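Asks:
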Amino acid sequence: MKKILTTPIKDEDLEALNIGDVVYLTGTLVTCRDVAHRRLIELGRELPVDLKGGAIFHAGPIVRQKDDGEYEMVSIGPTTSMRMEKFEKAFIKQTGVKLIVGKGGMGPETQEGCVENKAVHAIFPGGCAVLAATKVEKIEAAEWKDLGMPETLWVNRVREFGPLIISIDTKGKNLIEENKAVFNAKKKPILERINAQIRFIK
Amino acid sequence: MDKEAAVQDLTQVMSKFTSYIGKRLPTDVTAKLGELRSQEVNFLAKEVYESMRQNQEAADTLDRPSCQDTGVIQYFLNAGANFPLLGELEDILLNATLGATKEGPLRHNAVETFVEKNTGTNTGSKIPWLDWEIVPNDDSVTIDVYMAGGGCTLPGAATVLMPGQGYEGVAEFVFDVITSRGVNACPPLLVGVGVSTSAETAARLSKKAILRPVTSRHSNDNAALMEQLMTDGLNELGLGPQGLTGNASVMGVNIESSARHPSTIGVAVSTGCWAHRRGKIKINADMSYEVISHQGFKL
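As given, the protein sequences belong to chains L and U, one line each in that order. Heads up: the first sequence at position 2 corresponds to 2 in our numbering, and the numbers run straight through without jumps. Heads up: take any position in the second sequence, counting from 1, add 1000, and you land on our numbering.
And the structure:
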């Protein structure tokens, strides 16, 4: 059975989740990436959206404005979450956001933020942007439009948005960092074997 | 056809082709992804491959860009010296980018540097980026269109090794880039490696390497061996789709090379994500064209 999270998300919704679990989201999902993080954390500007118990998506979508002025979500996939590592711990603390969706892993600061404030980071499969767009029922608002299409905070009503693969859980476990350690451990013997066969300079 | 009509005609073809390649993957990439999907056994990896498959199907049906990051538009031209619109091609491709941005629609991905404003048109200083090679005694032009997305561009790296480090140093450099930064670039990746004389020559060749078909091989036996060894070796790392672990890390490794200074080995890596959006089109002197990258292409 699908495990579905619904906004507003409570601490107890997340406590039993472990890295590698697959969940889906129903409710509100707000796009939020580089400049929005910078404005809140470094420039001290107030976010125009209340994220308490909410979910953000590291994403810069393609949005089309229809003739009646309504926005249509065309294509929305995740962007590299690691770019937000610098800001995310403070961002979680200040906003009370519970679910951060993006691509690839995040680092130790975000891990700390997830443990201290009971939040999780999840991976939506990168590049699957039309699949994601079909899970957006409506764009309810657009804030900070001066940032241009990719960086605007698009407030989306979503239904069973996923798959979302938990990559940092509330216990501070980090799926991608664990995987990277495995990749790095494997690297040396593989390279030794390859290098023995490519000594072309003799 | 008079010149003005020919310019209009070609602008429209290139505009439609640029938009098209954002929606449907090239035939070689689709085939390779199908192969990797069918061989996968890891639970999360299978889940992701299935999402990828559904996504490409939805993009095709709904006629939308399959990934929201439609990249910075780059055109790599192999232009015959006698192609009738040689001098007009730069303007044609600029207008094709403007057209594709509206038609696609493409995401606005050109931020003017130092001004730090998104131009909103996918055009800006030297963007779309053009890379030229002139072919003597030829009157056609072959154009590779590439959507350089942010995620797959980020791992890009170049360095200059000392000959003592040898080709072993090249392999180490490639593996370091892929294990440290490739994970975030939407694997399984197509890895392009430039082996050359300096940083910028290697970098250019590394990008040209990912324009080659996924399963193609370098014409030199040693280079082809290295492509195969690195493909197998990177797959043994088992990055899996999105770095979630799995059977494969890469769709392939392609090397492009040039001669080098005796004292240097320039090496560079460019990566293409699984959604490797590139297209190859040949345009003849009479403006008839042939799409090489996508079987069954229809405008």
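Note that the Cβ used here is the ideal one computed from N, Cα and C, for glycine as well. In this text the structure is predicted, and so the values were computed from the model without any measurement.
(1) Report the partner residues of residue 42/L according to the DSSP bridge assignment.
(2) Our contact map puts residue 18/L next to residue 166/L with C-beta atoms below 8 Å; I'd like the distance itself, whole angstroms only.
(3) Compare the Cα-Cα distances from residue 71/L to each of 178/L, 156/L, 189/L, 161/L and report the closest residue.
(4) Which residues share a DSSP beta bridge with residue 166/L?
(5) If you draw a straight line from the C-alpha of residue 207/L to the C-alpha of residue 90/L, how long is it?
(6) Would you list the residues sitting across from residue 154/L in a DSSP beta bridge?
(7) Cβ of residue 1198/U less than 8 Å from any chain L Cβ?
(8) Should the stretch 1232-1252 of chain U be called in touch with the stretch 1026-1036 of chain U, which here means at least 3 C-beta pairs below 8 Å?
(9) In angstroms with no decimal places, state the Cα-to-Cα distance between residue 197/L and residue 185/L.
(10) Distance, Cα to Cα, residue 110/L vs residue 1020/U?
(11) Which chain U residues are close to residue 183/L, counting only those with a beta carbon under 7 Å from its beta carbon?
(12) Count the other CB atoms within 10 Å of the CB of residue 1043/U; is the residue buried (16 or more) or exposed (fewer)?
(13) Quick one: does residue 32/L have its CB under 8 Å from some CB of chain U?
(14) Under 9 Å Cβ-Cβ, which residues of chain U neighbour residue 139/L?
(15) Might you give, ordered along the chain, the residues of its own chain that have their beta carbon closer than 6 Å to the beta carbon of residue 27/L, omitting 5 neighbours on each side?
(16) Do you know offhand how far residue 1201/U's Cα is from residue 1182/U's?
(17) Run through the DSSP bridge pairs and tell me what residue 1157/U is partnered with.
(18) Using only CA atoms, which one of 1198/U, 1234/U, 1131/U lies nearest to residue 1090/U?
(19) Tell me, please, whether the stretch 137-149 of chain L touches the stretch 82-96 of chain L by the rule of three or more beta-carbon pairs shorter than 8 Å.
(20) Is there at least one Cβ from chain U nearer than 8 Å to residue 150/L's Cβ?
(21) Below 8 Å, how does it come out for the stretch 1156-1171 of chain U and the stretch 1125-1143 of chain U: are there three or more Cβ pairs, yes or no?
(22) Under a CB-based cut-off of 8 Å, is residue 1031/U close to chain L?
(23) Any idea what DSSP makes of residue 1257/U, helix, strand or coil?
(24) Can you tell me the Cα-Cα spacing of residue 152/L and residue 1244/U, whole angstroms?
(25) Residue 1114/U by DSSP, collapsed to three states: which one?
(26) Residue 1295/U and residue 60/L: beta carbons closer than 8 Å?
(27) Any beta-carbon of chain U closer than 8 Å to the one on residue 200/L?
(28) Taking the alpha-carbon of residue 203/L as reference, which of 148/L, 74/L, 58/L, 120/L has the nearest alpha-carbon?
(29) Assign residue 102/L to one of three DSSP states: helix, strand, or coil.
(30) From the DSSP output, read off the bridge partner residues of residue 64/L.
(31) Verify the CB distance criterion: does residue 1005/U have a CB-CB separation below 8 Å to chain L?
(32) Can you round the beta-carbon distance between residue 88/L and residue 100/L to whole angstroms, since I take them to be within the 8 Å contact cut?
(33) Kindly say whether residue 131/L, judged by its beta-carbon, lies nearer than 8 Å to any beta-carbon of chain B.
(34) Checking 8 Å against the spacing of the C-beta atoms, do residue 103/L and residue 134/L come in under that value?
(35) Looking only at its chain, what residues have a beta carbon closer than 7 Å to the beta carbon of residue 65/L, apart from the 5 residues adjacent to it on each side?
(36) Do residue 1134/U and residue 1281/U have their C-beta atoms within less than 8 Å of each other?
Replies: Straight from the coordinates:
(1) In the DSSP output, where bridge partners are listed per residue, residue 42/L has none listed.
(2) 7 Å
(3) 156/L
(4) 122/L
(5) Past the edges of chain L, shown from 1 to 202, lies residue 207/L, and the structure says nothing about it.
(6) 142/L
(7) no
(8) yes
(9) 21 Å
(10) 38 Å
(11) 1179, 1237, 1239
(12) exposed
(13) no
(14) Here the premise fails: no neighbours, minimum Cβ distance about 14 Å.
(15) 6, 7
(16) 22 Å
(17) 1269/U
(18) 1131/U
(19) no
(20) yes
(21) no
(22) no
(23) strand
(24) 29 Å
(25) coil
(26) no
(27) yes
(28) In the structure as shown, chain L begins at 1 and stops at 202. Residue 203/L is therefore absent and cannot be evaluated.
(29) strand
(30) 72/L
(31) no
(32) 7 Å
(33) The displayed structure is made up of protein chains L and U, and chain B is not among them.
(34) no
(35) 71
(36) no
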